[in-house]
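Right, one structure below, let's go through it.
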Amino acid sequence: DKITDKLAALPDDATFFSLEFFPPKTSEGFANLQARLERMSRALRPFFVNVTWGAGGSTAAKSLELAELCQRQLNLTTCLHLTCTNMNKSLIDQALSKAKAIGIRNILALRGDPPRNEEYFDKAELEAREGDEEFTWAVDLVRYIRREYGDYFCVGVAAYPEGHSDQSHPEVQDPKFDLPYLIEKTKAGADFLMTQLFYDVNAYEAFVDMLRSDPSGVFKSIPIIPGLMPVQSYQILRRTTKLSHAKLPPEILEKLDVVKGDDEAVKSVGVDILSEIVERLKGRKHLGPQGFHFYTLNLEKMVAHIIERCHLIRDIGAKEEEDAIDVSQEITL
Ligand code: FAD
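Shown next, in the form of structure tokens:
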């Protein structure tokens, strides 16, 4: 199913959530994730799941395998991430045609990060390539998908509520700087926006308000899905927030600093923090169903706690409910 079609069928005051997974490297890891996905999909009933794509196509086969498992075997509405830069065009074509063949209707169209050995793109190199490379920015992929596949795919694009002020950084990331490009990407045919992770709800709200009131009108009613990452450990949190330029508001940092030596306490405080963020976002006035996207890092417990605590699990029929309760006992909360 297309995410947009599923959203159109929800009441305006509904909530929904998506779960993001990356393809494990080993077959053992894959088998473990399969078991976990089976449990999570039955107990938590995500509205859709996301499967990440390694920059440059490094995980192409594994991403498609995981997407097929989700879409076909587990019958989950699946959104396949696809990057376009530093990737052979034939790989993009193969990915899109395979996605279509396995029943996938949703693509998150991304530029992709620079390859690992180059820390950042070289600006001059990028500009030099712009003329002859078909895929430089995410917008090129959005346009390509629309040109080749029309409306077959529901297409999402990434959005960044926060930035950094590091002038020595070769790439500027700043909501105002990005805005014209986000407008262009959306106009090219994006159906929804999914955001980078954040913990600063004020920054997210200011970002959404900026988009909604933009005179171009392109963001007036487009679904904007906030990206949230449960706290798995103090170290992971510090690392991921640094990499993504997400601010940790002092009140959140203070709560975590008190318990940072105690892994279990960090997780438990993390569940409190994320639950508060979800509740705050739920309290906003919305245009339609309010979604939440969870970066799971392939882990289940923290996200299950948050989803349960915030009552994000969809209501279903009584029989299905019984099965789901059975399975939720398996996720030892
Ligand atoms: P773009 O929209 O192309 O923007 C990149 C930057 O370039 C922005 O700063 C923008 O302002 C600027 N820009 C855009 N167009 C122009 C232009 N014409 N001239 C000058 N500047 C321009 N990465 C992966 O490798 N795999 C994944 O699965 C993955 N999933 C993600 C999921 C989400 C929800 C998010 C938020 C990010 C994800 N990423 C993933 C990371 C993403 O690939 C990187 O952040 C990447 O650096 C930017 O991708 P983009 O699609 O936002 O690029």
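Count the sequence shown with full-length UniProt numbering and you get residues 2 to 334, in order. C-beta atoms are modelled at their ideal positions from N, C-alpha and C, and glycine is treated no differently.
For K186 against V140, the beta-carbon gap comes to about 4 Å, under 8 Å, which counts as contact. A direct Cα-to-Cα measurement between Y153 and A204 gives close to 34 Å.
Within the model, the alpha-carbon separation for Y182 versus G262 is close to 42 Å.
Out of L180, E172, P251 and V279, the CA that lies nearest to the CA of S245 is found in E172. Nearest Cα to G218 within the set C71, I253, K243 and L180: L180. Using a Cβ-Cβ distance cut-off of 8 Å, the segment 12-20 and the segment 265-278 are not in contact, since fewer than three pairs of beta carbons, one from each stretch, lie closer than that value. Contact check for L198 and L249: beta-carbon distance about 11 Å, past the 8 Å limit, so the pair fails to qualify.
Remark: C-beta atoms of P47 and L20 approach each other more closely than 7 Å. Within the DSSP secondary-structure output, A160 pairs in a beta bridge with T196.
Here H287 carries a coil assignment [DSSP, helix/strand/coil]. Per DSSP, E172 lies in no alpha helix (DSSP H) segment and is marked neither H nor E. Distance check between G151 and each of F178, K101, R112 and H165 places K101 closest, using alpha-carbon atoms only. Taking the C-beta atoms as reference points, Q72 is found nearer than 7 Å to I103. If you compare the alpha carbons of A44, A32 and N33 with that of D316, the shortest gap goes to A44. Short of 8 Å from the beta carbon of A189, and not among the five residues preceding or following it, lie these beta carbons of its own chain, in chain order: V140, V143, R144 and R147. With a minimum length of 3 residues, the unbroken runs of beta strand (DSSP E) contained wholly in the segment 18-52 fall at 49-52.
L109 is bridged by DSSP to H82 and G157.
Distance from the CA of F18 to the CA of N89, rounded to the nearest whole angstrom, comes to 33 Å. Within the model, the alpha-carbon separation for L34 versus P25 is close to 8 Å. Cβ atoms of F208 and P162 come within 8 Å of each other, at about 4 Å. Relative to the ligand FAD, even the nearest heavy atom lies 6 Å or more away from the CB of A266. Straight-line spacing of the CA atoms in N87 and A96 works out to 15 Å. Residue range P251 to V260 is occupied by the alpha helix (DSSP H) that includes P251. Residue pairing for Y296: DSSP places it in a beta bridge opposite E21. In terms of CA proximity to S98, L83 leads the group L83, R112 and L111. Judged by DSSP in its simplified three-state form, P227 adopts strand.
Residue selection by CB proximity (closer than 5 Å to any heavy atom of the ligand FAD) returns T53, W54, A56, H82, T84, L111, R112, G113, D114, W138, A139, A159, D179, Y182, M195 and Q197 in chain order. Residues of the same chain with a CB within less than 8 Å of the CB of M303, apart from the 5 flanking positions on each side, are P231, V232, Q233, K268, G271, V272 and L275 in chain order. Here P290 is near L8, since their CB atoms are less than 7 Å apart. The beta carbon of T79 sits closer than 6 Å to those of V50, A68, C71, Q72 and I105, all from its chain and outside the five residues before and after it, given in chain order.
In its chain, beyond the 5 residues on either side, G164 have a beta carbon closer than 8 Å to the beta carbon of F178. Looking at the DSSP output, T16 bridges to Q291. Of S28, S91, R285 and M41, the smallest CA-CA separation from E66 is found for S28.
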